[in-house]
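What follows is one structure encoded as structure tokens, with my remarks underneath.
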Amino acid sequence: MNLVSIVCTTYNEEKLIAKTLDSFLSQQLDNMQLEIFVVDGRSEDKTREIIKSYETQNSRIKLIDNPERKNPFGRNIGIQESNGNYIAILGAHTIYKNDYIKTCIAEMERTGSAGVSGKVVTSIEKDSNGGELCELILTSKFGVSGESFRTVKEGYTSMVNFPVFKREVFEEVGLYDTELHRNQDNDLNNRIMNAGYKLYNTWKTECYYYPEDTLKGLYKYSYRNGFWNAKSLLENPESMKLHHYIPFAFVVTIIIMTVFAILGLLINSGLQLVLLAGAIGVHLFAGLLFSVTIKKYKSLKNILSLPFLFFAFHFSYGWGTLRGLFSKTI
1 MNLVSIVCTT
11 YNEEKLIAKT
21 LDSFLSQQLD
31 NMQLEIFVVD
41 GRSEDKTREI
51 IKSYETQNSR
61 IKLIDNPERK
71 NPFGRNIGIQ
81 ESNGNYIAIL
91 GAHTIYKNDY
101 IKTCIAEMER
111 TGSAGVSGKV
121 VTSIEKDSNG
131 GELCELILTS
141 KFGVSGESFR
151 TVKEGYTSMV
161 NFPVFKREVF
171 EEVGLYDTEL
181 HRNQDNDLNN
191 RIMNAGYKLY
201 NTWKTECYYY
211 PEDTLKGLYK
221 YSYRNGFWNA
231 KSLLENPESM
241 KLHHYIPFAF
251 VVTIIIMTVF
261 AILGLLINSG
271 LQLVLLAGAI
281 GVHLFAGLLF
291 SVTIKKYKSL
301 KNILSLPFLF
311 FAFHFSYGWG
321 TLRGLFSKTI
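In our numbering, the protein residues as written are 1 to 330.
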């Protein structure tokens, strides 16, 4: 009989962890058995308390400690504890349809893939303008490119998020790279494909991903992602793509143009300042063009706000990469 192992890492997820666990327990697996490993990075809120309450009520759930606290360590602990011939690497800030795992496994067999993920629907937990704007930025191709897991189309792909894998994948290519506190998914997906396996994204099922719901939190998230792009470039450059570094190039360009603009003013030349303003203006105009095409949460306030928020999002991402290149933690 087939056994499915869910591995889920947590850290301060008290807001959503109960709903996530409920969605795990509601999975319709037909003749397959289920075990759930929740690996917690020593949360400082009520996350562990909530998980323990579920653990006492359901023998399929097991809470494991992650002393290193970081995501790849937790995933590796869960994988090593697991017994399933299918391993689902699922996030704690996400709710899954009750056919999610079953559909991913069926699509795995149909497509000959070693890993399959469902459609990721970005949602907001609370009704707020900040949450709406965060969702619009993270679901826009201008905000995160057309190759983000939030915007990727159905079909064979180079990356799967919230995936179900065959166990043999980890036995052949190894576990997650613990040097990468972020982008470890990109690295693993790249190693899987280099080993000759296929990855597939299906829209026959879906999960609901709840991102940061404040702009401050979103920009911290953007900065951290950009920061770890520098580490990923050193660890496994093949796992990263050009679009990961476009914000970095943009930030470097803006910085150089700003320096020349200041020097230009010192010699009574305003041309460099005009060019700087033009470069920023082009980005804002492009953001406006994308903003007027939004269908969800459409309002004049959002349309006028988004160009500036796109700019800040891309700048914080690129600034993170620039800082990462010179950080001693790299």
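Where a beta carbon is used, it is the ideal one built from N, C-alpha and C, also for glycine.
- If you draw a 10 Å sphere on the C-beta of ILE124, you find 16 or more other C-beta atoms in it, and that means buried.
- With contacts defined as CB atoms closer than 7 angstroms, MET32 and VAL4 qualify as a contacting pair.
- In this structure, SER316 is the residue among GLY324, SER316, PHE326 and LEU322 with its C-alpha nearest to the C-alpha of VAL144.
- Distance from GLU49 to LYS119 at the Cβ level is roughly 32 angstroms; contact not present, criterion being Cβ atoms closer than 8 angstroms.
- The three-state reading of DSSP puts TYR245 in helix, counting H, G and I together.
- Inclusion of VAL169 and ALA114 in the CB contact set at 7 angstroms is warranted, their separation being smaller than that value.
- When C-alpha distances from ASN12 are compared across LYS62, GLN28, ILE77 and GLY91, the shortest belongs to GLY91.
- No residue range can be given for THR214, since it is assigned to no beta strand (DSSP E) and is classified by DSSP as neither H nor E.
- By a beta-carbon distance limit of 8 angstroms, PRO247 contacts HIS314. Their separation comes to about 5 angstroms.
- Taking the Cα of LYS204 as reference, the smallest distance to any Cα among GLU107, PRO307, ASN302 and LEU63 is reached at GLU107.
- By the neighbour-count definition (other C-beta atoms within 10 Å, threshold 16), LYS216 is an exposed residue.
- Annotated three-state conformation of VAL38 is strand, per DSSP.
- For ALA286, the enclosing alpha helix (DSSP H) has its first and last residue at 271-291.
- In the DSSP assignment, VAL144 falls within the alpha helix (DSSP H) that extends over 141-144.
- Restricting attention to THR111, ALA18 and ASN225, the CA atom closest to the CA of GLY324 is found in ASN225.
- At least 7 angstroms separates the beta-carbon of LEU199 from that of VAL164.
- Here ALA88 carries a strand assignment [DSSP, helix/strand/coil].
- Cβ atoms of PRO307 and LEU284 come within 8 angstroms of each other, at about 5 angstroms.
- Counted as a single uninterrupted DSSP element, the alpha helix (DSSP H) harbouring THR47 occupies residues 47-57.
- By a beta-carbon distance limit of 8 angstroms, PHE310 contacts ILE137. Their separation comes to about 7 angstroms.
- The secondary-structure analysis by DSSP pairs GLY115 across a beta bridge with PHE165 and LEU199.
- Residue state for GLY174 is assigned as coil, using DSSP reduced to three classes.
- Taking the Cα of PHE73 as reference, the smallest distance to any Cα among LEU218, LEU16 and VAL38 is reached at VAL38.
- DSSP, reduced to helix, strand and coil, places TYR317 within a helical segment of the structure shown.
- Relative to the Cα of SER59, the nearest Cα in the group ARG167, GLU35 and ASN71 belongs to GLU35.
- Beta-bridge annotation (DSSP): LEU3 is paired with GLN33.
- A distance below 7 angstroms separates the beta carbons of TYR176 and ASN76.
- Nearest to THR178 by C-alpha distance, out of ASN236, LYS15 and GLY130, is ASN236.
- At least 7 angstroms separates the beta-carbon of MET257 from that of ALA230.
- By the CB criterion at 7 angstroms, ASP45 and GLU81 fall outside the cutoff.
- Close CB contacts of VAL251 within its chain, under the 7 angstroms cut and outside five residues either way in sequence, are with PHE315, GLY318, TRP319 and LEU322 (chain order).
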